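Enquirer:
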Amino acid sequence: MKNFEDLIVFKRAVALMVDVYRTTETFPKDERYGLTAQIRKASVSVVSHVAEGQGRLSLGEWRQFLSQARGSLYEVQAQAIAAHELGFLEDQPYGELRVSIRRVASPLRGLIAYVRGRERKKTTRQPDNPTTG
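Offset between the sequence shown (1-based) and my numbering: plus 35.
Structure below.
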């Protein structure tokens, strides 16, 4: 298996995080500890959970961290919607952020499916039957 830094989902999650940081620079200063901090933290969380999951010892732990990355990605999406509705994000940067989110979601779904498949394969394997003689 590749190092987490080589995974498409990791690279795209980092790009999303950079997009979030740059986009939120325009948010009102009084939101620094509110929505700005929240969406930034969630975007960092996506990156962190993908990386941390790769370092876990079992497939179940890896899947759990990928699931947490997915939850954090949904959090970024919800906060982007909120920022747009509050007028902190104009239509164009909001649309660009939505595209970045989808670009992470697709390979993340694929990686979760891959890990689940490996888990199933591992749990359905029949034990070896030693011959008695």
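Note that the Cβ used here is the ideal one computed from N, Cα and C, for glycine as well. None of these values were measured; they are calculated from a predicted model.
Grab the span of the alpha helix (DSSP H) containing K76 for me, first residue to last.
Expert: As a working note, residue 76 is residue 41 in the sequence shown. Segment 70-89, the alpha helix (DSSP H) holding K76.
Enquirer: Cutting at 8 Å between CB atoms, please list the residues of its own chain near R151, excluding the five before and the five after it.
Expert: On the sequence shown, residue 151 is found 116 positions in, with the first residue counted as 1. Excluding residues within five positions, the ones whose Cβ falls inside 8 Å are R98.
Enquirer: Taking buried to mean at least 16 other C-beta atoms within 10 Å of its own C-beta, is S80 buried or exposed?
Expert: The count along the sequence shown starts at 1 and reaches residue 80 at position 45. When all chains shown are included, S80 counts as buried.
Enquirer: What separation, rounded to the nearest whole angstrom, lies between the Cα atoms of L124 and Y149?
Expert: Here residue 124 refers to the residue found at position 89 of the sequence shown. Here residue 149 refers to the residue found at position 114 of the sequence shown. One alpha carbon belongs to L124, the other to Y149, and they sit about 35 Å apart.
Enquirer: Rounded to the nearest angstrom, what separates A48 and K76 at their Cα positions?
Expert: On the sequence shown, position 13 is the one that residue 48 refers to. On the sequence shown, position 41 is the one that residue 76 refers to. So the alpha carbons of these two residues sit roughly 13 Å apart.
Enquirer: Can you tell me whether DSSP reads G122 as helix, strand or coil?
Expert: Translated into the one-based positions of the sequence shown, residue 122 becomes position 87. Correct three-state label for G122: coil.
Enquirer: Is the Cβ-Cβ distance between A117 and L70 less than 8 Å?
Expert: If you number the sequence shown from 1, residue 117 lands on position 82. If you number the sequence shown from 1, residue 70 lands on position 35. Taking C-beta atoms as the reference points, A117 and L70 count as a pair closer than 8 Å.
Enquirer: Rounding to the nearest angstrom, what Cα-Cα distance links Q89 and E96 in this structure?
Expert: On the sequence shown, residue 89 is found 54 positions in, with the first residue counted as 1. On the sequence shown, residue 96 is found 61 positions in, with the first residue counted as 1. If I take the Cα positions, the gap works out to 9 Å.
Enquirer: Could you check what DSSP says for T59 in three-state terms: helix, strand or coil?
Expert: As a first step, residue 59 is located in the sequence shown; it is residue number 24 there, counting from the start. It is helical.
Enquirer: Can you grab the Cα-Cα spacing for the pair E131 / S78, in whole Å?
Expert: Position 96 of the sequence shown holds residue 131. Position 43 of the sequence shown holds residue 78. One C-alpha to the other measures close to 15 Å.
Enquirer: Rounded to whole angstroms, what is the Cα-Cα separation between S93 and A86?
Expert: Here residue 93 corresponds to residue number 58 of the sequence shown, with the count starting at 1. Here residue 86 corresponds to residue number 51 of the sequence shown, with the count starting at 1. Taken atom to atom, the span from the alpha-carbon of S93 to that of A86 is near 14 Å.
Enquirer: Who are the Cβ neighbours of Q112 in its own chain at under 6 Å, not counting the five residues just before and after it?
Expert: Indexing the sequence shown from 1 puts residue 112 at position 77. These residues qualify, in order along the chain: I136.
Enquirer: Nearest to S141 by CA position, among Q114, K157, R105, L121, is which residue?
Expert: For the purposes of this step, residue 141 is taken as residue 106 along the sequence shown, with counting starting at 1. Of the candidates Q114, K157, R105, L121, the one whose C-alpha sits nearest the C-alpha of S141 is R105.
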